[in-house]
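There are 4 protein chains.
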Amino acid sequence: MKKIAMLGSGFIGRFYADSLQGYRSKDKIVTIYSRKAESAKKFADDYDVPFHTDNLEAAIARPEVDVVCIALPNNKHEEAVLLCCKHKKAVICTKPLGRNAAEAKRMLEAVEKAGVFHGYLEDLVYTPKFLKAHESVKNGALGRILWAKSRETHPGPHSDWFWDIEQAGGGCILDLGCHCVEIGRSYIGKDIKPIEVMCWADTQVKPIDAEDHAIGLVKYENGAIGQFEVSWTFRGGLDLRDEVMGTEGTIWINSFLRTGFEMFTSGKGADYVAEKAESNTGWLFPVGDELNELGYNHMFMDMFRSMEKGTLAKETFYDGYVVNAVLDAAYKSAKTKLWEPVNLEIWRGKSGVSKDSHLQSYDDDHYLVKEEVTHYGAKKWIIKNKKTGKISERVES
Amino acid sequence: MKKIAMLGSGFIGRFYADSLQGYRSKDKIVTIYSRKAESAKKFADDYDVPFHTDNLEAAIARPEVDVVCIALPNNKHEEAVLLCCKHKKAVICTKPLGRNAAEAKRMLEAVEKAGVFHGYLEDLVYTPKFLKAHESVKNGALGRILWAKSRETHPGPHSDWFWDIEQAGGGCILDLGCHCVEIGRSYIGKDIKPIEVMCWADTQVKPIDAEDHAIGLVKYENGAIGQFEVSWTFRGGLDLRDEVMGTEGTIWINSFLRTGFEMFTSGKGADYVAEKAESNTGWLFPVGDELNELGYNHMFMDMFRSMEKGTLAKETFYDGYVVNAVLDAAYKSAKTKLWEPVNLEIWRGKSGVSKDSHLQSYDDDHYLVKEEVTHYGAKKWIIKNKKTGKISERVES
Amino acid sequence: MKKIAMLGSGFIGRFYADSLQGYRSKDKIVTIYSRKAESAKKFADDYDVPFHTDNLEAAIARPEVDVVCIALPNNKHEEAVLLCCKHKKAVICTKPLGRNAAEAKRMLEAVEKAGVFHGYLEDLVYTPKFLKAHESVKNGALGRILWAKSRETHPGPHSDWFWDIEQAGGGCILDLGCHCVEIGRSYIGKDIKPIEVMCWADTQVKPIDAEDHAIGLVKYENGAIGQFEVSWTFRGGLDLRDEVMGTEGTIWINSFLRTGFEMFTSGKGADYVAEKAESNTGWLFPVGDELNELGYNHMFMDMFRSMEKGTLAKETFYDGYVVNAVLDAAYKSAKTKLWEPVNLEIWRGKSGVSKDSHLQSYDDDHYLVKEEVTHYGAKKWIIKNKKTGKISERVES
Amino acid sequence: MKKIAMLGSGFIGRFYADSLQGYRSKDKIVTIYSRKAESAKKFADDYDVPFHTDNLEAAIARPEVDVVCIALPNNKHEEAVLLCCKHKKAVICTKPLGRNAAEAKRMLEAVEKAGVFHGYLEDLVYTPKFLKAHESVKNGALGRILWAKSRETHPGPHSDWFWDIEQAGGGCILDLGCHCVEIGRSYIGKDIKPIEVMCWADTQVKPIDAEDHAIGLVKYENGAIGQFEVSWTFRGGLDLRDEVMGTEGTIWINSFLRTGFEMFTSGKGADYVAEKAESNTGWLFPVGDELNELGYNHMFMDMFRSMEKGTLAKETFYDGYVVNAVLDAAYKSAKTKLWEPVNLEIWRGKSGVSKDSHLQSYDDDHYLVKEEVTHYGAKKWIIKNKKTGKISERVES
């Protein structure tokens, strides 16, 4: 059983609390900090938390606290992490880790120096679908991975601080792209180095200083490509979709908008309001158990089990740091319009991985380009001469 | 925290154990009974259970046991329930409750007389999708419910006893239809009396005495219709789909085969075997978290919370009894080829509910049949004279 | 090139005309009859038809007419067919052929006696999806067919005469069930005799004399089961879905509501009205080319090519007659609550087809019930002793 | 009625012929040219064509020919077009128009100088789904278009010449990207100028000189973004999907792999081979009517009707030229790793279109960032001060 200090009582803090104390959980939130005292009080009442405060250090320092869960605006992460280090508390921090790689690196170095358990709360690599898909990929079901795309778009976040570039550190690239980059890395291999990034970003709709729409390409050392598509201007709900392409197969995942539950309502029967659905009549696509589908349950299970076993969590501050470094390159690229290198002062994976050699011989003199069955039923091979490069066709006689 | 005696170490016993001890659960299995001693031993090792036995009463009677979970073949349910009553243990029993309504009624009467907590483990009314859909229906999003269909088909069960009519008590009607009937009842209203049943059943493929395919209609007192489609001959995996039709909308749920995760694999990359998929290459549709999607987590959460709060579970032996009574009528109808009445000696819902009056007036002299917009954009009303019954059309001038 | 007399200028007449004169067609409508002169005039203007009239015989008798296309209310089909016979015109008639089998039989005998070409315009067995699915079934991709279900439900027809039982001859069973029965027959085999029918029908919502919701089972001589689900009370658009189950596979077809085109609109951009969609905001599922998707193009292509080649159309009045006979039994069953025999005074398929023998031997003494791979990777066979009937399990050692 | 000279007897020539002479068509192929005499002969036999030849000019020059249909490898387009101009024949040419913009420009100038009818056979902007989606977009259902993505990937083309960079002029960017670019242009507005392109391309799998995988971004003068994803390495069949995002909605189209027809087959019933499906067992997703779904019928209908009416086709050589210019920039960008300008010496749309002003006022002092309903049911507005830029929240009291 773990006793938890929750920092932050907003939308994400409540999501975390629902998951942490959900099902038949043995874990318990014992202190709650909020920037506003009345919010801390409200949260304490709702989740039966014995201690509430608007003093950050007070929430962390209490002796009964085993682990601190950071659910604060981005600009407050570093301060909270440093306090956890000071009081030698295990710490798990929401995404993105920092507003940039410099911040993230300081946090990583602090927890490692302090020797406290740390976890990076990237829920979307813990969704049940991702976990199963990722296992298939690791087992080779898709062959060599060529491309991994992750898309997260919706009509914009709930809290005001997201829209303020000082507190948030950026727009939808930072807010949503951090998920996408970690998903891409995971499919391609977390030990494969991201090399450079090309990113387009614009503020197409909202009256804000940060970007509200962006698309980026992340090139990995082995030639694989990660892609992110993020936006705060999408209309239609929460669009969470991933696609992976390998030499032997593909995976498509729709995590929210089409999960096997479809409802039509004329709206005359009742004023039904579906969460995040952008409409409450017509065809709706509710999600049965959002907490589980969005990965919160499996994420906290991994964090707490790792803490108990004394092992690293699947997602650590190091991962959060790598993601921040990729996003830094994306922001730079969006301005320079160039492919920008990913600067990783700390890198713990492989180095010098060249694109795998993958040419397949047809016979001594030729490579195989494609084998297929023609529409009249014959087998056909398109081949390439190894010396001359000439393409030709052989059809089964 | 609850200490559990698990009876049965087969496919379903393991599913239950995975759910009971899953996530960060505070509950724990403390004894395991199996008909075969070595199976009990194996289960005890796998799930870290301190006591294992092939003596049924021994597993139940131990003082540390709070609650008994029955995961045995159908013909063993009654004996186990009576032992729980004898030892005053809370008891939760897998589906179907009995092999017929007479057995189920005796079990219901026994637990009520003994005053022990009892729950009926009908997992499919606890799936996250069902819970959300059911709430929408209760809130009126579909208006008045007209029809509720539930389909469960697959290529046949895993254990041998299912195929033996003596142990199982029946074929796919009993094994799968019990889910479908309870799903239908839940959407239409558990206080609405099922009146009569028409059922077709046949043994189309398997060399067995029981039916391997059946379709049934269940008529409710308010005019609503429940429908079940069950089979052990379906090819393509586990097909779990429900549909509900109301005056103001519809719900379609696909609980297993199309849940937003789609994978293609050529099979060359790896010998990937997907659970229950009937194939391991080509397009596959894995389910991320089967335990959660199939309702086990929410079911046990309800059972144990109810036990702690001293309230009835959402599904009790009474529900299991009603389901058995409906299925008895289905079996009889399959033989007599007649609509057979549902005999409910115990009925705790409403009585004498007539079909709701639902005629909508257009004006003093006419009922409204349909209002629509024609393809050239005018409004049109099809109406019926209240006295003469004549149908006519009015088009907006 | 064919010159066509169109009888009927309503919703279905216009659908037919759009298809007949669509693409780069060489065929042409040369006369149009409507019960109302002004409707005939309007149609003639819209489709560039040289002759229009409200005199039925006048439209048919004109010498330039090669073929007559009947798109009239059900109670006018027989009169129109007899006039075609009198004037020796090829005739193609909309669905259902008659209001009952007696009417249909008279029409069939009339055209055969007159020796004119005749076709039954059952468009839904000509949809591109059906044609491809049916070919797969014929080629054995699903093995032996066990069950074929067809569902057609929507919020009710457009014209007033449908709601008048005298003109229509029935409610949604006749209007929609005729499609479903022919789809079922086609998958199971048009030479396999439908034997008996069980049908539930009710008027759940509309203020009409006919049924607005019905479900029926059609038993075939070889043990296969057809099923229809029809309603005029469905909310959510036009629901056209078929399912087929065979010993080696399954087919699911959604012909209208989910065909690969998904649109979300807030409704602020424009007052977009999608056809039959029941809503013009939120998630919509438009169909690209309704005429083609609903089978009209392929149906008329078959009709006119058959006429030119002097062969029978795929769907003839004989098929229309068989469908009416099945629906007569359905109506009777809905009243008597019994399985009612299908009376086929004319039957041109096979007779005395028993259920196929299908038991598969495991070894000399046992039948195979099921072969599967257990979750720990071993092969398992569930078998049945041929003499004792005892079920047992063998697991690969 | 039109008499057609078909140039090319390969895969695409046969697709065209099936469409041109399909349904009840009044049009007819009267000459066929192939580079190989025996292929011309075979085609003439199969499609009942009176004249066949391996002499290009001979096929074009014949007096009975009204229109020439070019279905040749990319490097033969210009020669064929020039011969059509010489003989004053209407000409319709397959995609891409040229191997590059210079070739395309010469073809455009030639047909305009010769004054012959010309059409660009871009079938994918004629699919029924595209036509309906495009009309919705034009009518404003999605508001202002922000992003239009088109994806075409498959396991590689059928004929050998595609794989030879000299004949083809490029790899999958040219072969498939030409479709995607025209789809993107059409949604964003064909009168909006494409300004610059960023493209990543690589040869990840095949032993060829051209790229087998590429992703590109096309920036338009009004700030909208087009995106293409193309590959010859995708496993799983033919993946044709488009997505459009606007300020008021979104469109998702899956044109091939998920169109409402789903089939499972164990493969034991028959050796069923589905077209392009990459597997013939397990779950398959056949397309009912490929010709119609892929746009061929509607494309030729537009071409021939335009020819008869003396109007421009929807797609002309000018469109083909613009597409080639965008792809030229894509190829250049893939090498330079820079955003490359699109060089359009001929431009017939609007110029100087700035990003639309789109800020929405909340009150005199504030812009509206987002309006939403909180999870506890209150209305909330996130607003931005017009002067200070400060973000704040107002919640309905």
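If you're matching them up, the sequences are chains A, B, C and D in order. Take the first sequence: its position 123, counting from 1, is numbered 157 in our numbering, and each next residue is one higher. Take the second sequence: its position 159, counting from 1, is numbered 193 in our numbering, and each next residue is one higher. Take the third sequence: its position 223, counting from 1, is numbered 257 in our numbering, and each next residue is one higher. Take the fourth sequence: its position 242, counting from 1, is numbered 276 in our numbering, and each next residue is one higher. Heads up, the beta-carbon is just placed ideally off N, CA and C, and yes, glycines get one too. Owing to the predicted nature of the structure, the values given are computational and were not obtained by experimental measurement.
Can you give me, in chain order, the residues of the region 235 to 250 of chain C that have a beta carbon less than 8 Å from any beta carbon in chain B? So the list reads Asp236, Gln238, Val239, Lys240, Pro241, Ile242, Asp243, His247, Ile249, given in the order they occur along the chain.
Using a C-beta to C-beta distance shorter than 7 Å, which residues of chain B count as neighbours of His392/C? Near His392/C (Cβ distances below 7 Å), the residues of chain B are Val239.
First and last residue of the uninterrupted alpha helix (DSSP H) at Glu113/C: Here the alpha helix (DSSP H) through Glu113/C covers 111 to 120.
Under 6 Å Cβ to Cβ from Glu277/B, same chain only, skipping five residues before and after it: list those, please. Here the set comprises Lys183, Trp286.
Contacting residues, own chain, Cβ-Cβ under 7 Å from Tyr355/D (five flanking each side not counted): The beta carbon of Tyr355/D lies closer than 7 Å to those of Leu131, Ala135, Ala138, Lys139, Leu142, Ile380 in the same chain, with the five residues before and after it left out.
Tell me whether the region 329 to 348 of chain C and the region 175 to 194 of chain C touch, counting them as touching only if at least three CB pairs, one residue from each stretch, are closer than 8 Å. Short answer: they don't touch.
Using beta carbons (cut-off 9 Å, strictly below), is Glu282/A in contact with chain D? Yes, because at least one Cβ of chain D sits closer than 9 Å to the Cβ of Glu282/A.
Which of the residues in the region 54 to 73 of chain B, read from start to end, lie with their CB under 7 Å from any CB of chain A? So the close ones are Tyr57, Arg58, Ser59, Lys60, Asp61.
Excluding the 5 residues preceding and the 5 following Leu176/C in the sequence, name in chain order all residues of the same chain whose CB lies nearer than 8 Å to its CB. For Leu176/C, where only same-chain residues beyond five positions count, the Cβ hits under 8 Å are Ser170, Val278, Met279, Gly280, Thr281, Glu282, Gly283, Thr284, Ile285.
In chain C, which residues lie less than 9 Å from Leu272/B when you measure between Cβ atoms? Against chain C, the beta carbon of Leu272/B has no neighbour under 9 Å; the closest one sits roughly 12 Å away.
Straight-line Cα distance separating Gly301/C from Trp317/A: So the two alpha carbons sit approximately 14 Å from each other.
Quick one: does Pro162/A have its CB under 9 Å from some CB of chain B? The Cβ of Pro162/A sits closer than 9 Å to at least one Cβ of chain B.
Pairwise C-alpha distance: Gly322/B and His168/A: Spanning the two alpha carbons is a distance of roughly 11 Å.
Run of the alpha helix (DSSP H) containing His332/B, from where it starts to where it stops: Its alpha helix (DSSP H) spans residues 330 to 343.
Taking DSSP's pairing of strands, which residues face Lys384/A in a bridge? Beta-bridge pairing links Lys384/A to no other residue.
Closest to Val376/B by CA distance: which of Ser385/B, Gly383/B, Ala363/B is it? Checking every option, the nearest Cα to that of Val376/B belongs to Ala363/B.
By a C-beta neighbour count over all protein chains shown, 10 Å radius and 16 as the cutoff for buried, is Asp398/B buried or exposed? So Asp398/B ends up on the exposed side.
Three Cβ pairs or more, each shorter than 8 Å: is that satisfied between the region 62 to 69 of chain C and the region 55 to 69 of chain D? The region 62 to 69 of chain C vs the region 55 to 69 of chain D: no contact.
List the residues of chain D whose Cβ lies closer than 7 Å to the Cβ of Val403/A, in chain order. Per Cβ cutoff of 7 Å: Trp197, Lys240, Pro241, Ile242.
If contact is defined by three or more beta carbon pairs under 8 Å, each pair taking one atom from either stretch, is the region 233 to 240 of chain C in contact with the region 251 to 270 of chain C? Proximity of the region 251 to 270 of chain C to the region 233 to 240 of chain C meets the contact definition, three or more beta-carbon pairs being nearer than 8 Å.
Going by DSSP, what residues sit across from Asp397/D in a beta bridge? For Asp397/D, DSSP records a beta bridge to His400/D.
Neighbouring residues, chain C, relative to Thr315/A (Cβ below 7 Å): One finds Ser313, Gly316 in chain C with Cβ atoms closer than 7 Å to the Cβ of Thr315/A, taken in chain order.
Does Phe268/C have its Cβ less than 9 Å from a Cβ in chain B? Output row for Phe268/C: interface = yes.
Identity of the residue in Lys420/A, Gly149/A, Ile222/A, Pro228/A nearest Asp243/D by Cα: It is Lys420/A whose Cα lies nearest to the Cα of Asp243/D.
Pull up the distance between the alpha-carbon of Asn108/C and that of Asn173/C, whole angstroms please. Straight-line Cα distance between these residues: approximately 36 Å.
Return yes when the Cβ of Leu54/D is within less than 9 Å of the Cβ of Ile63/D, no when it is not. For Ile63/D and Leu54/D, yes; Cβs fall inside 9 Å.
In three-state terms, what does DSSP make of Met141/D? Reduced to three states, the DSSP call for Met141/D is helix.
Using a Cβ-Cβ cut-off of 9 Å, state whether Phe151/D counts as contacting chain B. False, the Cβ-Cβ gap to chain B never drops below 9 Å.
Residue environment, Glu349/D, which counts as buried when at least 16 other CB atoms sit within 10 Å: By the beta-carbon neighbour count (other beta carbons within 10 angstroms, threshold 16), Glu349/D is buried.
Answer yes or no: does any C-beta atom of chain D fall closer than 9 Å to that of Phe290/B? Not an interface residue.
Using the three-state DSSP reduction, which class does Asn256/A fall into: helix, strand or coil? Asn256/A falls in the coil class under three-state DSSP.
Bridge partners of Gly280/B, per DSSP? Answer by DSSP bridge pairing, in chain order: Ile179/B, Gly283/B.
So, does the CB of His192/D fall closer than 9 Å to a CB anywhere in chain A? Yes, its Cβ sits closer than 9 Å to a Cβ of chain A.
Would you call Thr299/C buried or exposed, if buried means 16 or more other Cβ atoms sit within 10 Å of its Cβ? Residue burial annotation: Thr299/C is buried, with at least 16 other C-beta atoms found within 10 angstroms of its C-beta.
Rank Val115/D, Lys76/D, Tyr160/D by C-alpha distance to the C-alpha of Cys127/D and give the top, closest one. Looking at the Cα atoms, Val115/D is the closest of the given residues.
Could you tell me whether the region 243 to 257 of chain B touches the region 148 to 167 of chain C, where touching means 3 or more Cβ pairs closer than 8 Å? With a cut-off of 8 Å, the region 148 to 167 of chain C and the region 243 to 257 of chain B do not count as touching, because too few Cβ pairs lie within range.
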